[in-house]
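Everything on this sheet refers to the single structure shown next.
Numbering (this note's numbering), first residue to last: 1 to 985.
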């Protein structure tokens, strides 16, 4: 195939050509004069399985030919068997062994790292070991590093890096990358002794890893060997190539890896021959992009060589620049363009490393029932089965919360056997019960109480809950296989439900129906197989491990995807082509991605050791961008803002824009304006798609129900709401609607108020006959007991206790002063009063009543928040004033009416102390008369219950604001009375 030559044999293909198609075309052209069987003697070494698949597809598409042998860099032994080499250690076994060693280090020195990072550290350390093997760097090179300025950091790392030496000393079971290097070295030794006589062509790799570059050099030196470089920039000048000599400054350039390889082989970049003479889709665009991506030290060439560029308008005619105001708009615009491509039969590909953006585009395409062919698939932990396994693992690691219970009860794989409908009904009833009660952590007692209401319907189901959800936690450490077995048994029992049926898992049997099922089960099987290598672990460690394993796997949907609409990662895009290429997410941090944090070696130490620099990934990403941006039709998209702030345009797009902006005479400015105009046209289409037909907003409601439907009984606390937000009284007492607590209750003001009320009530009751017991120590002891019983969050208990402790001295002193005037007599006592003429009853419950020796009553109410001021009490918050009126007119349980000496709030918050009600300004008789006037007004048929009549703050949120359509109207709008009638019957 090739003529003999003394120098290594390298070829290149420029960006903008279909690399796989041209690779095959070059092979056919070189063998066209030879018999058909000559193709069978050719061996192609490609970088990925996807490229191997594409080459086979191109061969099958015709004309008829004998296929060459195709292998990947990771499957060289399929062509050249190498017996005697040890098998690679399974990745999970390696992870578990590393995690066991790291765990021992953390146990001895807990400040080294948190246990939650155990498996992430194991992965990171395994990655460093693979990199060292791939680059041929041993531990001796690490030990020899100059760490004069980093001794403290280095001392910590040496304890971890010592683990790598222990693994390097094991020759019987190397890691995958170490074995790849062993395979490569053994193969090169064989070739040194007996070079293969048939053609060997290595294609598709940039030589970014040491082992790969070593193989590329060897293949290029074979008698019939050749390396075909992808995306080689033939438009770069000599001075630009020279600027790539500095590794620290040039490795982020798309052509740096080629320069490094050519230097190793002693070849000049400008003399590299082409594999085929096929021109790129748009040669002028190749020149423009090559100029835009010039190395930083020679960017000044824009001024000297930029004006020499020709055909800029034609070069950028096929490029659209879409700068969307948000990520959602960007995704919608991309989806609309892909939809048009699908309708026109145009092959199109979305290329981006941003998986969140691809998910948004996929969701947007679903409105037109278009399913793109996503090469990345779905991560296992995001599949229904993966989520189910993670939720079950959470039962083993944390206290059962209402949120976790309901999440798992509603999962489609829970109780997937018989009587699924009855299960969902009971789950809904339990949810309503838990939310009404506000139970953050349901236990056996809470479930039993709910079950007792309907034991015939609920007993077997509740028994199942108790045997699974309430018995899943595993304290302490256990062997990893035991944890895996417990997790699998628990998942089986929950999936079976309260009426066990077929083998578990009942709905995962058909891979076509549930494609992610077998892959998730394979993770569990692998965990059971290699678990003994992990040693003892806690349930939390097991949960972290399961999350780690599931997130590293993926599954492709078995649904019928549209063959024309594809989503590619940047690696897949290197060897595939389409008529429409959409490069999305061109923002810093997305494309290129921000280099990940390296916990082991910084940039300078990596350079000393000969390891890969963080800029390598940026250079590879730049190369991917350069290749993809030179297709026939290209979209470049970005979002100007993300969910948090303005974004920063990608450095490559920024360079392209700056270059074009600086070449107005060559048509650069007009070309850039045209690119943006084409993008703006699609943004206008998105606006049209998202446009909504305006509807007439609802007016501010003031419903007027008939008198018979109006509330005839309210509490003293509801009177405040009647004054401030009458609509809330209408919704609660006329419509019978009540706000439902959130699924997972959190520590809030209501819980704190109830807990501290109970603390003070118990304290006063226990010391009512013994003033010497009124001490801060006793108060805090009771607080500790009550908070422990009522508040299930340790941190919250500490915070609330500290708040109470700050005001405890003042409370105790005030309490002794209060007892010098009156004695505590009644607690949480109820009463009611009537307005016979209106048929209305007012109810009340007082926190505490003290009685003086002469029979006068003092009313106290505890406030953990800010007590209302005297003016607020006079006009809005009349709780104490109304309780005083009830005391003098009707009395309380177990004792009759009595004069009121005092009514006061006892503040326990920031404004601690006592705040008296304005009894002198508004006495009980006046208060009762004004109540009658207020209730009488609301008994009138034409009196409406206005929404948000007089809230304390405009930003206050009411329980019924959504029902009132607040937002369609403002507080400046006049309320509109709405006459209502009782339904017939």
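Even for Gly, the Cβ is constructed at its ideal location relative to N, Cα and C.
As the structure is a prediction and not an experimental result, all values here were calculated from the model.
Checklist line | Contact set for residue 313: own chain, Cβ-Cβ below 8 Å, skip 5 residues either direction | finding: Here residue 313 refers to the residue found at position 313 when the chain shown is read from its first residue. Cβ within range, chain order: 667, 670, 671, 674.
Item checked: C-alpha gap between residue 421 and residue 415, whole angstroms -> Position 421 of the chain shown, counting from 1, holds the residue named residue 421. Position 415 of the chain shown, counting from 1, holds the residue named residue 415. Computed Cα separation, rounded: 9 Å.
Check: Are residue 227 and residue 220 touching if we call contact CB-CB under 8 Å?
Finding: If you number the chain shown from 1, residue 227 lands on position 227. If you number the chain shown from 1, residue 220 lands on position 220. In contact: residue 227 and residue 220 (Cβ atoms closer than 8 Å).
Checklist line | Which of helix, strand or coil DSSP assigns to residue 562 | finding: Locating residue 562 in the chain shown gives position 562, counting from the first residue. Here residue 562 sits in strand by DSSP.
Note to self: Once the 5 residues before and after residue 610 are set aside, which same chain residues still bring their CB inside 7 Å of it?
What the structure shows: Residue numbering aside, residue 610 sits at position 610 when the chain shown is read from its first letter. Hits under 7 Å: 135, 137, 141.
Item checked: Burial state of residue 275 (16 or more Cβ within 10 Å) -> Residue 275 sits at position 275 when you count from the first residue of the chain shown. Label assigned to residue 275: buried.
Item checked: Candidates 210, 453, 297, of which the one nearest residue 242 by Cα -> Within the chain shown, the letter at position 242 stands for residue 242. The candidate whose alpha carbon is nearest that of residue 242 is 297.
Margin query: Once DSSP output is grouped into helix, strand and coil, what is the label at residue 890?
Written below: Mapped onto the chain shown, residue 890 falls at position 890. Reduced to three states, the DSSP call for residue 890 is coil.
Next item on the list: Could you check the C-alpha separation between residue 945 and residue 698 for me, to the nearest Å?
Entry: In the chain shown, the residue the question calls residue 945 occupies position 945. In the chain shown, the residue the question calls residue 698 occupies position 698. So the two alpha carbons sit approximately 16 Å from each other.
Check: Which word fits residue 85, buried or exposed, when buried means at least 16 other C-beta atoms lie within 10 angstroms of its C-beta?
Finding: By 1-based counting over the chain shown, the position of residue 85 is 85. Burial call: exposed.
Note to self: Taking 8 Å as the limit between beta carbons, can you name the residues of its chain near residue 217, skipping five residues before and five after?
What the structure shows: Here residue 217 refers to the residue found at position 217 when the chain shown is read from its first residue. Cβ neighbours of residue 217 beyond the five flanking positions: 8, 261, 264, 265.
Note to self: Could you tell me the alpha carbon to alpha carbon distance between residue 800 and residue 549, rounded to whole angstroms?
What the structure shows: Here residue 800 refers to the residue found at position 800 of the chain shown. Here residue 549 refers to the residue found at position 549 of the chain shown. One alpha carbon belongs to residue 800, the other to residue 549, and they sit about 40 Å apart.
Note to self: Considering Cα atoms alone, identify which of 126, 356, 381 is closest to residue 524.
What the structure shows: For the purposes of this step, residue 524 is identified with residue 524 of the chain shown, where counting begins at 1. Comparing Cα positions, the closest option is 381.
Check: DSSP three-state call for residue 550: helix, strand or coil?
Finding: Reading the chain shown from its first residue, position 550 is the one you call residue 550. Three-state result, residue 550: helix.
Margin query: Using the three-state DSSP reduction, which class does residue 920 fall into: helix, strand or coil?
Written below: For this step, residue 920 is matched to residue 920 along the chain shown. It is coil, neither helix nor strand.
Checklist line | residue 840 - partner residues in DSSP beta bridges | finding: Here residue 840 corresponds to residue number 840 of the chain shown, with the count starting at 1. DSSP, once it has assigned bridges, lists 835 as partnering residue 840.
Check: If we ignore side chains and look at the alpha-carbon of each, how far apart do residue 279 and residue 601 end up?
Finding: Locating residue 279 in the chain shown gives position 279, where the first residue counts as 1. Locating residue 601 in the chain shown gives position 601, where the first residue counts as 1. Going by the C-alpha atoms only, they are around 44 Å apart.
Checklist line | CB contact flag (residue 350, residue 183, <8 Å) | finding: One-based indexing of the chain shown puts residue 350 at position 350. One-based indexing of the chain shown puts residue 183 at position 183. It is not a contact, given that the beta carbons lie outside the stated cut-off.
Notebook entry, point to check: Which class does residue 772 belong to by DSSP, given the choice of helix, strand or coil?
Noted result: The residue given as residue 772 occupies position 772 in the chain shown. Looking at residue 772 - three-state DSSP - the assignment turns out to be helix.
Note to self: For the alpha helix (DSSP H) containing residue 288, name the first residue and the last one.
What the structure shows: Within the chain shown, residue 288 is the residue found at index 288, counting from 1. Here the alpha helix (DSSP H) through residue 288 covers 283 to 292.
Next item on the list: Kindly list the residues whose CB is nearer than 6 Å to the CB of residue 778, restricted to its own chain and excluding five residues on each side of it in sequence; keep chain order.
Entry: In the chain shown, counting from the first residue as 1, residue 778 sits at position 778. For residue 778, where only same-chain residues beyond five positions count, there are no Cβ hits under 6 Å.
Next item on the list: Report yes or no: do the stretch 721 to 737 and the stretch 785 to 804 share at least 3 C-beta pairs separated by less than 8 Å?
Entry: The stretch 721 to 737 is not in contact with the stretch 785 to 804.
Note to self: Suppose you measure from the CA of residue 979 to the CA of residue 437; what does that come to, to the nearest Å?
What the structure shows: The residue labelled residue 979 in the question sits at position 979 within the chain shown. The residue labelled residue 437 in the question sits at position 437 within the chain shown. One Cα belongs to residue 979, the other to residue 437, and the distance between them is close to 35 Å.
Next item on the list: Tell whether a beta-carbon distance below 8 Å holds between residue 322 and residue 630.
Entry: By 1-based counting over the chain shown, the position of residue 322 is 322. By 1-based counting over the chain shown, the position of residue 630 is 630. Not in contact: residue 322 and residue 630 (Cβ atoms no closer than 8 Å).
Item checked: Secondary structure, alpha helix (DSSP H): runs of 4+ residues fully inside the stretch 373 to 418 -> 384 to 397, 402 to 409
Checklist line | Residues near residue 494 by beta carbon distance below 6 Å, same chain, minus five either side | finding: Along the chain shown, read from residue 1 onward, the residue named residue 494 stands at position 494. Counting only Cβ-Cβ distances below 6 Å, and skipping sequence neighbours, we find 414, 468.
Note to self: In the DSSP output, which residue or residues are listed as bridge partners for residue 637?
What the structure shows: Sequence index remark: in the chain shown, residue 637 carries index 637 (1-based). In DSSP, residue 637 forms a bridge with 322.
Item checked: CA-to-CA distance, residue 308 to residue 3, given in whole angstroms -> By one-based count along the chain shown, residue 3 stands at place 3. By one-based count along the chain shown, residue 308 stands at place 308. Approximately 38 Å between the Cα atoms of the pair.
Notebook entry, point to check: According to DSSP, is residue 680 helix, strand or coil?
Noted result: Position 680 of the chain shown, counted from the start, is the residue given in the question as residue 680. If DSSP states are grouped into helix, strand and coil, residue 680 belongs with the helices.
Checklist line | Opening and closing residue of the beta strand (DSSP E) in which residue 858 lies | finding: In the chain shown, residue 858 corresponds to position 858, counting from 1. Taken as a continuous stretch (DSSP letters only), the beta strand (DSSP E) holding residue 858 covers 857 to 863.
Item checked: First and last residue of the uninterrupted beta strand (DSSP E) at residue 478 -> Working through the chain shown from its first residue, we reach residue 478 at position 478. In this chain, the beta strand (DSSP E) harbouring residue 478 covers 477 to 479.
Notebook entry, point to check: Can you give the Cα-Cα distance for residue 222 and residue 6, rounded to whole angstroms?
Noted result: Within the chain shown, the letter at position 222 stands for residue 222. Within the chain shown, the letter at position 6 stands for residue 6. Residue 222 and residue 6: Cα-Cα distance of roughly 10 Å.
Check: On the three-state DSSP scale, how would you describe residue 960?
Finding: Residue numbering aside, residue 960 sits at position 960 when the chain shown is read from its first letter. Residue 960 falls in the coil class under three-state DSSP.
Note to self: Here's the rule I'm using: 16 or more other beta-carbon atoms within 10 Å means buried, otherwise exposed. How should residue 236 be labelled?
What the structure shows: Indexing the chain shown from 1 puts residue 236 at position 236. Residue 236 comes out buried.
Next item on the list: Report the rounded CA-to-CA distance for residue 990 versus residue 185, giving the unit in angstroms.
Entry: Residue 990 lies beyond the stretch modelled for the chain, which goes from 1 to 985, so this question has no answer here.
Item checked: Contacting residues, own chain, Cβ-Cβ under 8 Å from residue 22 (five flanking each side not counted) -> Locating residue 22 in the chain shown gives position 22, counting from the first residue. Excluding residues within five positions, the ones whose Cβ falls inside 8 Å are 13, 275, 276, 278.
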